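This report refers to the structure that appears directly beneath it.
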Amino acid sequence: MIQWDDYWKQYKASEAEKWLISERDSIFKRYLDRIDATRKKVLEVGCGFGSNLRLLNTTRDDVESFGLDTSGEAINAIKTVIQNAVVADCRKTGFPDNEFDMVYSAGLMEHFRDEVPFLNEMRRIVKSEGYVITIVPARYSLWKLYQLLHFGLWQHGYEKAYTHDGLKRLFLENNYRVVEITGIDPFSIFGFLMKLLNKSFNPCIKQSPQKSAYTELCIIAKKR
């Protein structure tokens, strides 16, 4: 199983991941524009290298950026750019109630067998009119097939994939209002091509005919 400190020491984004980062960025910015505040407090949970947080920090002058991760190596690296970065457990962050206008994570929730403590904490620290945005692997894609081909020896440890309806139900059952569920990279086809060619490009097709057939599902929610 992967040791996260070692992983973030040698991390380098692939061309496919750079494209996914840009797609996530467009979603985050779309919802930031809906927040009626001069200064918006944004927390990335499980920030790792903090690719999206770094991007927001350099392209938005209305954002105060915060990062959180259990990896000390990740936090030490990102602190050169994001001073408000802390080592903590996302299920017990230590932040005050109703602290953030937006709380987001990408590639985090799927590692928990029980998501409820994580969802409870995200709901606690986000403001009443703020957004919780969670990005997870979708069930039916080449990415899921690639993971299954490791026959249980997946280096990132336990990791689940979600269907559109299952993800929605999970949030509704834990006192959220679901604003939107969207997908990134239909069936993982474009990510596969970008990795193969080692080149990023902007695909002309972004919607899958099947709701759960993406590399990533992105759910945007508010607390009830």
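One gets the numbering used here by counting positions in the sequence shown from 1 and adding 465 to each. Glycine is no exception: its CB is placed at the ideal position from the N, C-alpha and C atoms. None of these values were measured; they are calculated from a predicted model.
Rounded to whole angstroms, residue 564 and residue 605 show a C-alpha spacing of 35 angstroms.
If you draw a straight line from the Cα of residue 669 to the Cα of residue 483, it comes to about 17 angstroms. The C-beta distance from residue 679 to residue 603 rounds to 4 angstroms, short enough to meet the 8 angstroms contact threshold.
In this structure, residue 490 places its C-beta atom within 7 angstroms of the C-beta atom of residue 517. The beta strand (DSSP E) runs of length 3 or more contained entirely in the segment 612-668 are, from start to end of the chain, 641-651.
In this chain, the alpha helix (DSSP H) harbouring residue 480 covers 480-497. Contact fails between the segment 552-570 and the segment 626-639, because fewer than three Cβ pairs, one in each stretch, are under 8 angstroms apart.
Note that the segment 578-595 does not touch the segment 654-668; fewer than 3 beta-carbon pairs, one per stretch, sit closer than 8 angstroms. When DSSP states are grouped into helix, strand and coil, residue 521 belongs to the helix group.
Distance check between residue 635 and each of 579, 487, 542 and 529 places 579 closest, using alpha-carbon atoms only. A Cβ-Cβ contact shorter than 7 angstroms links residue 641 with residue 686.
By the C-beta criterion, the segment 545-558 is judged to be in contact with the segment 529-536, since at least 3 inter-stretch pairs fall below 8 angstroms.
Ranked by how close their Cα comes to the Cα of residue 557, the residues 590, 638, 609 and 469 have 590 in first place. Under the 10 Å beta carbon count, residue 542 is surrounded by 16 or more other beta carbons and is classified as buried. Annotation for residue 553: no alpha helix (DSSP H) segment contains it, and DSSP assigns it neither H nor E.
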